[in-house]
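The number in the numbering used here is simply the position in the sequence shown, starting from 1, with 94 added. Here is the structure we will look at.
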Amino acid sequence: MTEKSTDARIYCEYSKLVKLQSQAGFFSLLPNLKSGTALSGRHSSVFRGRGLNFEELRHYQLGDDIRNLDWKVTMRTGKPHVRSYTEEKDRNFIICVDQRSSMFFSSVDTMKSVVAAELAALTAWRILQDSDRVGFVINATEKLHWLTPKRSQGDLLHRLQLLASSNQSLNVTSTDVDSVSFTQFVTLLGRLKLKEATIIILSDWSGATPDDVTHLKHLQKHNDVLGVLISDPFESMFPSLNNEWVVGDGDFQINLNDAKKFDLANKGLTEHQSLKKEQLIQLMAAKGLPTIEVDTSGSHIEQFKRAIGGRR
């Protein structure tokens, strides 16, 4: 794939997505999260990753591993007892990466679309490192790409190529077809009939409706859904009225050339962003997960690693 020679803050490069493999060892998506991290403090694992589940306490039988002896019960009863465990199955992870036109924006450092792509690659390398399967839903401007979970570095490299290609197809004139709306993306997840999977959504949540959040809550019943909100400061408030602002969405424009219009626009931005955060909070509350938000300041990798599992 031929890469665009451009600022890495505007477009992600395939080579950068590959190099993120080297940073995949500094956070965890698996059980036994350290105390003090954002996802700690629950009675069971945040994610249903691989591990051992306690099944029963029973009498020792010839051939049992003596490391599983329960010495307290053995001493109390006078007969050897062992703790029996069953191993959890490998986990399927689905990384949903938003690459729609609304993601091609930043007022600070790095485009939201680049933030999403790099976090997706980082997470995918972590999953592969843990020998789990990783799949993708790439929500591009013209198509929803569904890529089934695989445990293969070769497959992941091909998927990162597609992700970089989708990212580099964005520009200031990009528009989305109806079939890639947030609602259509949620509908696709519902059609997949996922069970015991971890779904990670990297998006600005543009166009998400209360019904979409309700459907994602239904997915939470049989899966773990982790929503990550990618936001820019301008989406909450314009900094000042020192200059005349011209705001547009690709179809319409408005001049914010007086204090009344400026205050009204800021109020609308604040309310809209607060609604998106509230929707995400409600979704995460279904399983006691925290709300994870990263911004466009350029420090999204560190922000995400601190929120999801911290340094090791």
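We put the beta carbon where it would ideally sit given N, CA and C, even for glycine. In this text the structure is predicted, and so the values were computed from the model without any measurement.
Excluding sequence positions up to five away, which residues of its chain have a Cβ less than 7 Å from the Cβ of residue i?
i           : result
residue 106 : 208, 211, 212, 258, 261
residue 206 : 197, 199, 200, 298, 324, 326, 390
residue 167 : 151, 175
What's the C-alpha gap between residue i and residue j?
i           : j           : result
residue 127 : residue 402 : For residue 127, the pLDDT reaches just 34, beneath the cut-off of 50, and the residue's location in the model is therefore unreliable, although a value from the coordinates is still provided. Cα to Cα, residue 127 sits roughly 9 Å from residue 402.
residue 229 : residue 292 : 10 Å
residue 195 : residue 225 : 33 Å
residue 104 : residue 326 : 14 Å
residue 405 : residue 398 : For residue 405, the predicted structure reports a pLDDT of 49, less than 50, and the residue's modelled location is therefore unreliable. The matter cannot be settled from this model.
residue 170 : residue 218 : 48 Å
residue 276 : residue 301 : 6 Å
residue 387 : residue 329 : 13 Å
residue 289 : residue 283 : 11 Å
residue 116 : residue 266 : 32 Å
residue 396 : residue 157 : 47 Å
residue 102 : residue 109 : 11 Å
Taking the beta strand (DSSP E) that residue i falls in, what are its first and last residues?
i           : result
residue 387 : 386-389
residue 276 : Run containing residue 276: none in the beta strand (DSSP E); it sits in the alpha helix (DSSP H), 276-285.
residue 261 : Here residue 261 belongs to no beta strand (DSSP E); instead the alpha helix (DSSP H) covers 247-262.
For residue i, which residues from the same chain have a beta carbon less than 6 Å from its beta carbon, with the 5 sequence-adjacent residues on both sides left out?
i           : result
residue 236 : 271
residue 320 : 294
residue 239 : 232
residue 214 : 189, 191, 296
residue 162 : 176, 177
Around the C-beta of residue i, are 16 or more other C-beta atoms found within 10 angstroms, so that it is buried, or is it exposed?
i           : result
residue 204 : buried
residue 159 : exposed
residue 354 : exposed
residue 394 : buried
residue 253 : buried
Quick one: what's residue i bridged to in DSSP?
i           : result
residue 241 : 230
residue 319 : 293
residue 186 : 227, 291
residue 176 : 152, 163
Please report the residue range of the alpha helix (DSSP H) in which residue i lies.
i           : result
residue 305 : 304-314
residue 398 : 394-402
residue 165 : 165-171
residue 273 : Element bounds for residue 273: n/a, residue is neither H nor E.
Using a Cβ-Cβ cutoff of less than 8 Å, which residues in the same chain neighbour residue i once the five nearest sequence positions on both sides are dropped?
i           : result
residue 227 : 184, 185, 186, 187, 221, 243, 244, 245
residue 377 : 307, 310, 311, 314, 319, 321
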